[in-house]
Amino acid sequence: MPDYAPTIMWFRDDLRLADNPALSAAVAAGPVVCVYIHDPALKLGGAEKWWLHGALEALDADLRAHGGQLCLMTGAEQDSLVWLARALGARGVEWNRRYAGPARTRDAAIKATLRAGGLAAQSHPGNMLHEPWQVRTKQGSPFRVFTPWWRALQAMGPPLPPLPVPHGLATALAAAPVQAAATERLVPLAALSLRPATPDWAAGLRATWQPGEAAARKRLDTFVAERLPGYATARDLPAQPATSGLSPCLRFGHLSSRQVWHAVDAHGAGDRDAASFLSELGWRDFAHSTLFDFPDMATRSLRPEFDAMPWRTDPAGLRAWQRGRTGYPIIDAGMRELWHTGCMHNRVRMIVASFLTKHLLLDWRVGEQWFADTLVDADVASNPFNWQWVAGCGLDAAPYFRIFNPVLQGEKFDPEGAYVRHWVPEIARLPGRAIHTPWKADLPAGTRYPTPVVDLAGGRTRALAAWKALQPRL
1 MPDYAPTIMW FRDDLRLADN PALSAAVAAG PVVCVYIHDP ALKLGGAEKW WLHGALEALD
61 ADLRAHGGQL CLMTGAEQDS LVWLARALGA RGVEWNRRYA GPARTRDAAI KATLRAGGLA
121 AQSHPGNMLH EPWQVRTKQG SPFRVFTPWW RALQAMGPPL PPLPVPHGLA TALAAAPVQA
181 AATERLVPLA ALSLRPATPD WAAGLRATWQ PGEAAARKRL DTFVAERLPG YATARDLPAQ
241 PATSGLSPCL RFGHLSSRQV WHAVDAHGAG DRDAASFLSE LGWRDFAHST LFDFPDMATR
301 SLRPEFDAMP WRTDPAGLRA WQRGRTGYPI IDAGMRELWH TGCMHNRVRM IVASFLTKHL
361 LLDWRVGEQW FADTLVDADV ASNPFNWQWV AGCGLDAAPY FRIFNPVLQG EKFDPEGAYV
421 RHWVPEIARL PGRAIHTPWK ADLPAGTRYP TPVVDLAGGR TRALAAWKAL QPRL
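Numbering (UniProt numbering), first residue to last: 1 to 474.
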């Protein structure tokens, strides 16, 4: 194989140049061609597609600044990679791992096919603090509870220090111009049809987010400098800009979890706020570890006893929940924030999930799918893990009988009603805590705010009865 034969860098959920183990390995091997393959069969939510468009655009600009480009292909990953490798006369392919079951199966098949064709094929650690098979009980089995898992992970020491943008990246990119024969199946970004056409529902996303590595790095630096102090207390208050906003940056790999860990640890090593944030980062890894060991987590309750839960079918209630028209202000504020920005405050996510699965008694999978379509940070592991946690059917889950009262939650975490007033302006004039119980207030004539879709006491009683019926199985 000639010395100028390129290595293909296959980008996936790692759309960055810094701390990218596969990219560093590819550059070390010589000339590099970068590719992203969009397989329409691998479903993405609408908000994820919007983010991905901007992320690919930003990555291509970053590569062009180093003298290269991002090649785009559409179709099955294995077929596309094999074709591109042959067209380029490539020596091999480098990529970073995914940990979900179907992705691991696809990757194993791709690796075997490439190697059978005489190509090098190497995967590298993905976007976790440590590899999931490294954190095990003394018996070698998966942890089922977060706290001992977290202790075991911390005992392993800090994650590997982040890698810089590879030295020699520009040289490696310039040494591998994409030959004309290899452009036959390359497509422009617009051909991936990732952005909404008509209606254009993404105005709020554009106003809220900027995809890409540079914007993610700026967001991380701002969080560490300005929001990390006081994080442990303020993170539960949705009206305060206290959370990091890094979840979509981690979802698409603009930042690695290792970069985030070391940035936070360096700024606040040992203090309460840093420890609180790193624990939240740990929950993300725990979710991915759980998905690694339970690959059907997105579709099956981790506690199979919950298969017998008598979930209701309520299209009107579901629609009210989806559109933020339940009559409970903290619920409606959260669901409207989600629809407008593609994100929702973490405390409010728990409240709206509890309301759907308990007060409305609707299947957690219905909520998980709605979040998967509307969240820009719809993480393949965290989304189903968190839904199962709230519903009571997951690992180390909140007990099913813990039912968040949306009125009390609103009064506790949004005591002045600032969050609700922002997202539910039709009741913004209600004073103080009265905003959390608008059905008790004298609303001005013509106020178009719905009455509650469910009686809280009645919904709670119904949920507890359903849970009690499961007791012989639990």
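Yeah, the Cβ is synthetic: ideal placement off N, Cα and C, and Gly gets one too.
- For glutamine 409, DSSP records no beta bridge to any residue.
- Apart from the 5 residues on each side of it in sequence, glycine 324 sits with its Cβ closer than 6 Å to the Cβ of Asp332, Met335 and Arg336 in its chain, given in chain order.
- Contact between proline 132 and phenylalanine 292 holds, since their C-beta atoms are separated by about 4 Å, short of 8 Å.
- DSSP, read as helix, strand or coil, puts glutamate 131 in coil.
- Our two residues, threonine 137 and alanine 152, have alpha carbons roughly 8 Å apart in a direct line.
- By a beta-carbon distance limit of 8 Å, alanine 26 contacts valine 32. Their separation comes to about 5 Å.
- Here the alpha carbon of glycine 157 sits roughly 14 Å from the alpha carbon of alanine 266.
- Ranked by Cα distance from leucine 430, the options Met128, Pro329 and Gln409 are led by Pro329.
- By alpha-carbon distance to asparagine 383, the top candidate from Asp19, Asn20, Ser256 and Glu48 is Glu48.
- Given a length threshold of 3 residues, the region 162 to 195 has no whole run of the beta strand (DSSP E) inside it.
- In the assembly as shown, glutamine 409 is a buried residue. Its beta-carbon has 16 or more other beta-carbons within 10 Å.
- Here leucine 17 is not near leucine 194, since their CB atoms are 8 Å or more apart.
- Residue pairing by DSSP places histidine 38 opposite Thr74 in a beta bridge.
- Residue pairing for tryptophan 10: DSSP places it in a beta bridge opposite Val35.
- Exposed is the label assigned to tryptophan 439, since fewer than 16 other Cβ atoms lie within 10 Å of its Cβ.
- For glutamate 426, there is no enclosing beta strand (DSSP E), as DSSP marks it with neither H nor E.
- Shown here, alanine 397 sits in coil according to DSSP, grouped into three states, outside any helix or strand.
- A direct Cα-to-Cα measurement between phenylalanine 286 and tyrosine 400 gives close to 20 Å.
- Inclusion of phenylalanine 146 and aspartate 363 in the CB contact set at 8 Å is not warranted, their separation being larger than that value.
- Per DSSP, reduced to three states, the secondary structure at tryptophan 201 is coil, with no helix or strand assignment.
- Isoleucine 435 and alanine 428 have their C-alpha atoms some 7 Å from each other.
- According to the DSSP assignment, tryptophan 51 belongs to the alpha helix (DSSP H) that extends over 46 to 65.
- For valine 380, the three-state secondary structure derived from DSSP is coil.
- Shown here, glutamine 139 sits in coil according to DSSP, grouped into three states, outside any helix or strand.
- Rounded to whole angstroms, tryptophan 339 and threonine 374 show a C-alpha spacing of 7 Å.
- Using a 10 angstroms sphere on the CB of proline 406, the tally of other CB atoms reaches 16 or more, which defines it as buried.
- In terms of Cα proximity to valine 366, the closest of His345, Ala398, Phe413 and Asp314 is Asp314.
- Arg272 is the residue among Arg258, Arg272 and Leu255 whose C-alpha sits nearest the C-alpha of arginine 235.
- Look at histidine 267 here: in three-state DSSP terms it is helix.
- Shortest Cα-Cα distance from glycine 204 to any of Ala214, Leu114 and Gly342 involves Gly342.
- Pairing alanine 175 with tyrosine 4 gives a Cβ-Cβ distance under 8 Å.
- Annotated three-state conformation of glutamate 94 is strand, per DSSP.
- In terms of Cβ geometry, valine 348 and proline 450 do not form a close pair [threshold 8 Å].
- Contact between serine 256 and proline 161 does not hold, since the beta-carbon distance rounds to 11 Å and is not under 8 Å.
- Within the same chain, Cβ atoms closer than 6 Å to the Cβ of alanine 232 are found at Arg272, Asp273 and Ser276, the five residues on either side in sequence being excluded.
- When Ser354, Val264 and Ile37 are compared, the shortest CA-CA separation from leucine 220 is found for Val264.
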